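Trainee: The structure is given below, and queries will be raised subsequently.
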Amino acid sequence: MPDLAAFERLVGIVGAVGDDAVVTTHHRGRRAEIQVRPDVIGETLERLRSQGYTHLMSLHALDYYPDEPRFGVLYELLSYEHQDRVAVKVRVPLSAPRVPSVTPKWPTASFQEREAFDMFGIVFEGHPDMRRILLPEDYLGHPQRRDFPIGGEPILFTGNEQRNPGWWK
Amino acid sequence: MSSDDDKRDGPVPEDGSAASADREHDSDASTTERERGARVADETSATTPSASTPGQPDEGGGRSTSADPEGASTGAPTATALKEREEDWETIAKRYRADEATIDFSSQLGAVATQDETELLTINMGPHHPATHGVLRLLTTLEGEVIRDVKPIIGYLHTGIEKTAEDKAYWKAIPVVERMDYLAYYFNAMAYCGAVEDLLGVEVPKRAQYLRVIHLELNRIMSHLVWLGTTMLDLGAISILWYAFRERETVLDLFEYSSGQRMHTRYFQIGGVADDIPAGWADKLQRFLDEMPTRLDQYEAMLSKNEIILQRLKDVGVLDAESLQAWGVSGPLLRAAGVPWDLRKAQPYSSYDDFDFKIPVGTVGDNYDRYAVRIAEMRESVKIIQQALDGLPEGPVITGDRKVALPPRHELATSMEALIHHFKLVTEGMRVPEGESYYPIEGPRGELGCFVRSDGSSKPARVHMRDPSFVNLQAFGDMARGEYIADMIATLACLDPLLGGIDR
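Protein chains in written order, with my numbering: chain A, 3 to 171; chain B, -8 to 495.
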């Protein structure tokens, strides 16, 4: 985690992207986090890259149910140079869960954005291959959402079928 | 092969073995079929001299070492036909050899397949394929034998562990989290416990940190041993598997001795470790530490000078450090490409800064470097364990914070407060202050990070594992493209993907 002065400098650099680009910041314990508007995420990561944070180590999605904006996407950046980490967060509402994809610039995000889409239904616009990755293609719903029921997965054994399924047609 | 070529013209006795006796009968056999069968026997006899002759299926029943009546009764004309055929074979073989010699395998991989026509073939490998180290499906596009594209398709082992963990109290989530990367259970537990300890602000006692280091490094050795055995098995070296698994069993015995389980031990707790090491464990560990460097020497004697292994590994699956870093690859794969990045050094956790060890790095980033780096890492792990064992401090093995760790058994009989704490912890679990934490550690396959979000309740609101296998697998296409399909298997093995960790 960068110290407070370095962190404020980074926030200043990111904030220069545009008005209200930085929504809020968090600097406590081992964690330094900048929350930005979803539409400037690509530019934010590029600016941090120019500051030495050249590695996108991880991308997590999370659900703040019942708060709004509901979904969060976290980008964990790492700098080999400073041996330091900074996290960037964006929040998107349930009504429009869309975040610009960073995969074209950071190839490592490819699988991780697909996983976030798979589990939370967050669509990463501009991703070259926005499909489910871990769950079957025909799966309904996004199970890591907090309101997705546990045990709500129906299992249809052939013995329980009421009518001819006709899947071979 | 070349030694066989000069024997083609006629029957040449070979070591006076049973096979040579057969060949003499065959040279004046009646049919050309018979002669071809003998040649097959001749070729195979180079590797298995005694078993080759009776094993050929199309040679009839008369081909035993005793006198062959059919062979003795054959006439001269067929022999000339045989000779002509022999010359045909010679010219065909010569032409073939000449063709073969013009192929530059190193630089013209594409040209081999495209000289006549370009035809792409898409074949599906897996999900049930032994060389994929789990249920990984590879959609490969081939041009001849050359990989033009490969797409990993995953998800066959998805068990929803992250969702399950959200429904468990913090300390009850450890066993499920451990089962993600099933060869690195101590690492999974360490990353998860570290993230929760971060949120709680709990200090882990020094002895617990050292015990964690000992178990983590034993786990690293164990994981690399499984990797070594299975990878070399993919390359055709079978015996190393048994040796590697023999040492792995020793490590698993140590785990069983200290925690009661061979795998998925749940030894790490939030705030420390479950229990102190039992009496005699240190001696057992010391015996293992004394033995392991010799064992590694033996593995290297078997593999590092093995012509076949070297040809299969060297300059195969090369990917430069920049591309690897763009794909987010970490761990031994990245170090093999020459980047000395190791979280144990760069951002030390659990007292790793107390120990003196080196970070092995490769130069080229081919499969051989990946092999060499992992072998060297095992040696360094042995060194770390030795230092941790020698310097193992006295003291408690779990934090004294009763809100986090269970009170010791003897307190329950005398202290009401301890009983209440015990009851609260077992029924509800600990409450963790609101917040988010990402705790990265150096796993055997790279950066293993655990992200935990707490909403203030006794269950985690989100547990996400940044699994190195999952991220590293993205680079596989770049590594395998332009290689032969057999080398793709070797590259995949050297990537060391673990499907339990990938699919979670």
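Glycine is no exception: its CB is placed at the ideal position from the N, C-alpha and C atoms. If you're wondering where the values come from, they're calculated on a predicted model, not measured in any experiment.
Cβ of D494(B) less than 9 angstroms from any chain A Cβ?
Mentor: In the second sequence, counting from the first residue as 1, residue 494(B) sits at position 503. It does; some Cβ of chain A falls within 9 angstroms.
Trainee: Any contact between the stretch 112 to 127 of chain B and the stretch 140 to 150 of chain B? By contact I mean 3 or more CB pairs, one from each, below 8 angstroms.
Mentor: These segments touch.
Trainee: Below 8 angstroms on the Cβ atoms is my guess for L232(B) versus L224(B); work out the distance and round it to an integer in Å.
Mentor: For the purposes of this step, residue 232(B) is taken as the residue at position 241 of the second sequence. For the purposes of this step, residue 224(B) is taken as the residue at position 233 of the second sequence. Right, their Cβ atoms sit about 5 angstroms apart.
Trainee: Rounded to whole angstroms, how far is the Cβ of L315(B) from the Cβ of L304(B), which I believe are closer than 8 angstroms?
Mentor: The residue labelled residue 315(B) in the question sits at position 324 within the second sequence. The residue labelled residue 304(B) in the question sits at position 313 within the second sequence. That pair is no contact at about 17 angstroms.
Trainee: Check the Cβ-Cβ distances between V187(B) and every residue of chain A, and say whether any is below 9 angstroms.
Mentor: As a working mapping, residue 187(B) is identified with position 196 in the second sequence. It does not: the Cβ of V187(B) has no partner Cβ on chain A nearer than 9 angstroms.
Trainee: Could you list the residues in the stretch 120 to 146 of chain A with a C-beta less than 9 angstroms from some C-beta on chain B, going in chain order?
Mentor: Listed by position, the residues of the stretch 120 to 146 of chain A near chain B (Cβ gap below 9 angstroms) are D120, M121, R134, I135, L136, L137, P138, P145 and Q146.
Trainee: Please report the distance separating the alpha-carbon of W272(B) from that of L245(B).
Mentor: In the second sequence, residue 272(B) corresponds to position 281, counting from 1. In the second sequence, residue 245(B) corresponds to position 254, counting from 1. Each residue's alpha carbon lies about 7 angstroms from the other.
Trainee: Closer than 9 angstroms, Cβ to any Cβ of chain B: which residues of the stretch 36 to 64 of chain A, in chain order?
Mentor: Those residues of the stretch 36 to 64 of chain A that come within reach of chain B (Cβ to Cβ, closer than 9 angstroms) are T56, H57, L58, M59, S60, L61, H62, A63 and L64.
Trainee: Which residues, taken in chain order from the stretch 147 to 175 of chain B, show a beta carbon closer than 7 angstroms to some beta carbon of chain A?
Mentor: Per Cβ criterion, the list reads H149, G151, E153, K154 and D158.
Trainee: Can you grab the Cα-Cα spacing for the pair S341(B) / N463(B), in whole Å?
Mentor: The residue labelled residue 341(B) in the question sits at position 350 within the second sequence. The residue labelled residue 463(B) in the question sits at position 472 within the second sequence. Cα to Cα, the separation comes out at about 25 angstroms.
Trainee: Residues in the same chain with beta-carbon distance under 8 angstroms from F259(B), minus the five sequence neighbours each way, listed in chain order, please.
Mentor: Here residue 259(B) refers to the residue found at position 268 of the second sequence. Same-chain partners within the cutoff: I165, Y177, A180, M181, C184, R203, H206 and A265.
Trainee: Determine which residues of the stretch 12 to 37 of chain A have a Cβ less than 7 angstroms from any Cβ of chain B, and write them out in chain order.
Mentor: For the stretch 12 to 37 of chain A, which is checked against every Cβ of chain B, the residues closer than 7 angstroms are G31, R32 and R33.
Trainee: Entirely within the stretch 42 to 124 of chain A and at least 4 residues each: give me those alpha helix (DSSP H) ranges in chain order.
Mentor: Entirely contained in the stretch 42 to 124 of chain A, the alpha helix (DSSP H) runs reaching 4 residues are, in chain order, 43 to 52 and 111 to 122.
Trainee: Name the residue from P151(A), V104(A), L142(A) and H129(A) whose alpha carbon lies nearest to the alpha carbon of V42(A).
Mentor: Walking along the first sequence from the start, residue 42(A) turns up at place 40. The option with the nearest alpha carbon to V42(A) is V104(A).
Trainee: Within 9 angstroms of any Cβ in chain A, is that where the Cβ of I145(B) sits?
Mentor: Locating residue 145(B) in the second sequence gives position 154, where the first residue counts as 1. Yes, its Cβ sits closer than 9 angstroms to a Cβ of chain A.
Trainee: For P143(B), report the span of its beta strand (DSSP E) as first-last.
Mentor: To locate residue 143(B), count along the second sequence from 1; it is residue 152. Where P143(B) is concerned, the enclosing beta strand (DSSP E) stretches over V137 to I144.
Trainee: Mark Q164(A) as exposed unless 16 or more other C-beta atoms lie within 10 angstroms of its C-beta, in which case mark it buried.
Mentor: Counting from one through the first sequence, the residue named residue 164(A) turns up at place 162. So Q164(A) counts as exposed.
Trainee: Note down the Cα distance separating P4(A) from G135(B), rounded to an integer number of angstroms.
Mentor: Counted from its first residue, the first sequence places residue 4(A) at position 2. Counted from its first residue, the second sequence places residue 135(B) at position 144. Between P4(A) and G135(B), the C-alpha separation is close to 52 angstroms.
Trainee: Scan the stretch 104 to 120 of chain A for residues whose Cβ lies nearer than 9 angstroms to a Cβ of chain B and list them as they occur along the chain.
Mentor: Cβ contacts with chain B come from W108, P109, T110, A111, S112, F113, Q114, E117 and D120.
Trainee: Residues of the stretch 403 to 424 of chain B in Cβ contact with chain A at a cutoff of 8 angstroms, in chain order, please.
Mentor: So nothing in the stretch comes that close.
Trainee: Have a look at E10(A), T56(A) and Q53(A) and flag the residue whose alpha-carbon is nearest the alpha-carbon of I36(A).
Mentor: Position 34 of the first sequence holds residue 36(A). Nearest option by C-alpha distance: E10(A).
Trainee: If you compare alpha carbons, which of L439(B), V355(B), Y429(B) and A160(B) is closest to R335(B)?
Mentor: Walking along the second sequence from the start, residue 335(B) turns up at place 344. Of the listed residues, the one whose Cα sits closest to R335(B) is L439(B).
Trainee: From the beta carbon of R444(B), is the nearest beta carbon of chain A less than 9 angstroms away?
Mentor: Taking the first residue of the second sequence as 1, we reach residue 444(B) at position 453. Taking Cβ atoms only, chain A reaches closer than 9 angstroms to R444(B), which makes this a yes.
Trainee: Excluding five sequence neighbours on each side, which residues of the same chain lie with their C-beta closer than 6 angstroms to the C-beta of E45(A)?
Mentor: For the purposes of this step, residue 45(A) is taken as residue 43 along the first sequence, with counting starting at 1. Result list for E45(A): V19, in chain order.
Trainee: If you count every other CB in all the chains shown that lies within 10 Å of the CB of A156(B), and 16 or more means buried, which is it?
Mentor: Position 165 of the second sequence, counted from the start, is the residue given in the question as residue 156(B). With 16 or more other Cβ atoms within 10 Å, it is buried.
Trainee: Mind listing the chain A neighbours of H119(B)? Cutoff is C-beta to C-beta under 8 angstroms, in chain order.
Mentor: Residue numbering aside, residue 119(B) sits at position 128 when the second sequence is read from its first letter. The premise fails here: H119(B) is roughly 17 angstroms from chain A at the closest Cβ pair, so nothing lies under 8 angstroms.
Trainee: Which complete alpha helix (DSSP H) runs does the stretch 202 to 287 of chain B hold, if anything under 4 residues is left out?
Mentor: Listed in chain order, they are 230 to 250.
Trainee: Quick one, which residues of the stretch 82 to 107 of chain A are near chain B if we go by CB-CB under 8 angstroms, in chain order?
Mentor: Here the close residues are Y82, Q85, R87 and A89.
Trainee: Answer with buried or exposed for D120(A), where buried requires no fewer than 16 other C-beta atoms within 10 angstroms of its C-beta.
Mentor: Locating residue 120(A) in the first sequence gives position 118, counting from the first residue. Buried, by the Cβ-count rule.
Trainee: Please list, in chain order, all residues of the same chain as P277(B) whose beta carbon is under 6 angstroms from its beta carbon, the five residues on each side excluded.
Mentor: Taking the second sequence and counting its residues from 1, one reaches residue 277(B) at position 286. In the sequence under discussion, the amino acid at residue 277(B) is Gln, which differs from the Pro named in the question. Correct list: empty, nothing qualifies.
Trainee: In chain order, what residues of the same chain have a beta carbon less than 7 angstroms from the beta carbon of V395(B), not counting five sequence neighbours either side?
Mentor: On the second sequence, position 404 is the one that residue 395(B) refers to. Taken in chain order, the residues that qualify are L191, V193, I261, G262 and M421.
Trainee: Could you compute how far the alpha carbon of A84(B) sits from the alpha carbon of I480(B)?
Mentor: For this step, residue 84(B) is matched to residue 93 along the second sequence. For this step, residue 480(B) is matched to residue 489 along the second sequence. A84(B) and I480(B): Cα-Cα distance of roughly 30 angstroms.
Trainee: Report the rounded CA-to-CA distance for M407(B) versus L416(B), giving the unit in angstroms.
Mentor: Taking the first residue of the second sequence as 1, we reach residue 407(B) at position 416. Taking the first residue of the second sequence as 1, we reach residue 416(B) at position 425. When rounded, the distance between both Cα atoms is 14 angstroms.
Trainee: Identify, in the order they occur along the chain, each residue of the same chain with its Cβ nearer than 7 angstroms to the Cβ of T390(B), setting aside the five sequence neighbours on each side.
Mentor: Here the question's residue 390(B) lines up with position 399 in the second sequence. Cβ within range, chain order: V193, E194, V195, P196, G262, G263 and A396.
Trainee: Thinking C-alpha only, which one of P459(B), V454(B), G319(B) and G491(B) is nearest L64(A)?
Mentor: In the first sequence, residue 64(A) corresponds to position 62, counting from 1. Nearest option by C-alpha distance: V454(B).
Trainee: Three-state secondary structure (DSSP) at M456(B)?
Mentor: Residue numbering aside, residue 456(B) sits at position 465 when the second sequence is read from its first letter. Of the three classes helix, strand and coil, the one that applies to M456(B) here is strand, per DSSP.
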